[in-house]
Amino acid sequence: MTREVVELIEPRAGGRYIDATAGGGGHSEALLEAIVADADGGFLSVLSLDADSKAVERVRSRLERFGNRSVVVHSNFRDLQAVAAVQQFSQVDGIVFDLGFSSDQLHDAARGFSMAASGSLDMRFDTSQELTAASLINELDEEELANLIYEYGEEHKSRRIARAIVRNRPVETAQALADLIASSVGRREKIHPATRTFQALRIAVNRELDSLREVLPQAVSLLRPGGRLVVISFHSLEDRIVKQFLQTEARDCICPPEALVCQCGHKATVRILTRRPWQPSADEVAANSRSRSAKLRAAERL
Ligand SMILES: C[S@@+](CC[C@H](N)C(=O)[O-])C[C@H]1O[C@@H](n2cnc3c(N)ncnc32)[C@H](O)[C@@H]1O
Numbered sequence: 481m482t483r484e485v486v487e488l489i490e491p492r493a494g495g496r497y498i499d500a501t502a503g504g505g506g507h508s509e510a511l512l513e514a515i516v517a518d519a520d521g522g523f524l525s526v527l528s529l530d531a532d533s534k535a536v537e538r539v540r541s542r543l544e545r546f547g548n549r550s551v552v553v554h555s556n557f558r559d560l561q562a563v564a565a566v567q568q569f570s571q572v573d574g575i576v577f578d579l580g581f582s583s584d585q586l587h588d589a590a591r592g593f594s595m596a597a598s599g600s601l602d603m604r605f606d607t608s609q610e611l612t613a614a615s616l617i618n619e620l621d622e623e624e625l626a627n628l629i630y631e632y633g634e635e636h637k638s639r640r641i642a643r644a645i646v647r648n649r650p651v652e653t654a655q656a657l658a659d660l661i662a663s664s665v666g667r668r669e670k671i672h673p674a675t676r677t678f679q680a681l682r683i684a685v686n687r688e689l690d691s692l693r694e695v696l697p698q699a700v701s702l703l704r705p706g707g708r709l710v711v712i713s714f715h716s717l718e719d720r721i722v723k724q725f726l727q728t729e730a731r732d733c734i735c736p737p738e739a740l741v742c743q744c745g746h747k748a749t750v751r752i753l754t755r756r757p758w759q760p761s762a763d764e765v766a767a768n769s770r771s772r773s774a775k776l777r778a779a780e781r782l
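Convert by adding 480 to the 1-based position in the sequence shown; the result is the number in this note's numbering.
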């Protein structure tokens, strides 16, 4: 949804922007290009972050031509405020999050994100962290595994899946896990029966929901008045966090409904720009079927 991101962020010369999930560098590049097309300010304008060091290398080389107007940092976005301070990006005009995993990660068999991958069950965005999907699959007890698959995968067959995994340990590869789940629960839906379990493992390995909850208030506080926040999510758990956060931040009072007089003193910090989430165009879904579940929400700092 690069076109929508640029339309909402409205990059301008002299503005400063953060791409918190650089991935393949598409959004960072589009922001830099939009500013160049306007007028070349010649100073640092886009700070790009990714937790994946391979992505950081690729994005650095993709953005090399923008010289010192771009800086790419290897970091988890849960540390956004600290990274922004070091890079002197303390008041910015726009921040974009495009959550989840990239096509580069999906297609790298060694990373274990794809159900067809013959590589090890890894699923880490940041390969310097210790926890992998293999450690969860092979070390959690059956109940912990079932709860994880239920909570992060919204998978109703989580108990049956956890039992099959525990009986067949060790499970070494992504493909072996996908086949094991298919044989334990059967194939009755359009999606592969392991899809929700893979989502759950990825979320748990990368602490995706915690990082998102931690970063949203930091992002709002980094925006200058009129600055814009754009978040693209890919599943309902993420989208719910973004939606509830923005709804709360857009209200002056967040006291419980039974309170007769406001006691919280909360003041709205944002104005929501997308009353309903934006979804990708039919053309984009046709070109990239993974985009079909994308939901974009945006807000402006008051
Ligand atoms: C969907 S891709 C982004 C694609 C990108 N917008 C583009 O145009 O190519 C998501 C990226 O976010 C990164 N990521 C996910 N969670 C992260 C986090 N907590 N901190 C930093 N990067 C994260 C992943 O490593 C991945 O490269």
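Every residue gets a Cβ at the ideal spot worked out from N, C-alpha and C, and that includes glycine.
Buried or exposed: where does residue i fall if 16 or more other Cβ atoms within 10 Å of its Cβ makes it buried?
i: Gln609; result: exposed
i: Gly592; result: buried
i: Gln585; result: buried
i: Leu560; result: buried
i: Asn648; result: exposed
i: Thr607; result: exposed
i: Leu740; result: exposed
i: Lys670; result: exposed
i: Ala596; result: exposed
i: Arg580; result: It should be pointed out that residue 580 corresponds to Gly in this sequence rather than to Arg. That one is buried.
i: Val485; result: buried
i: Gly745; result: exposed
i: Asn556; result: buried
Does the distance from the C-beta atom of residue i to that of residue j stay below 9 Å?
i: Glu635; j: Ala680; result: yes
i: Arg731; j: Ala748; result: yes
i: Leu529; j: Ala500; result: yes
i: His672; j: Ala684; result: no
i: Arg772; j: Pro760; result: yes
i: Glu729; j: Ala779; result: yes
i: Val711; j: Leu696; result: yes
Mapping the DSSP letters down to three states, classify residue i as helix, strand or coil.
i: His507; result: helix
i: Leu547; result: Reading off the sequence shown, one finds Gly at residue 547, where the question assumed Leu. Helix at Gly547.
i: Gly633; result: helix
i: Pro697; result: helix
i: Arg756; result: coil
i: Ala779; result: strand
i: Thr653; result: strand
i: Asp763; result: helix
i: Asp659; result: helix
i: Asp578; result: strand
Please decide whether residue i counts as near chain D, where near means a Cβ-Cβ distance under 9 Å.
i: Leu601; result: Going by chain labels, chain D is absent from the structure shown, which holds only one protein chain.
Q. Hey, is the segment 565-577 in contact with the segment 494-512, meaning 3+ C-beta pairs nearer than 8 Å?
A. yes
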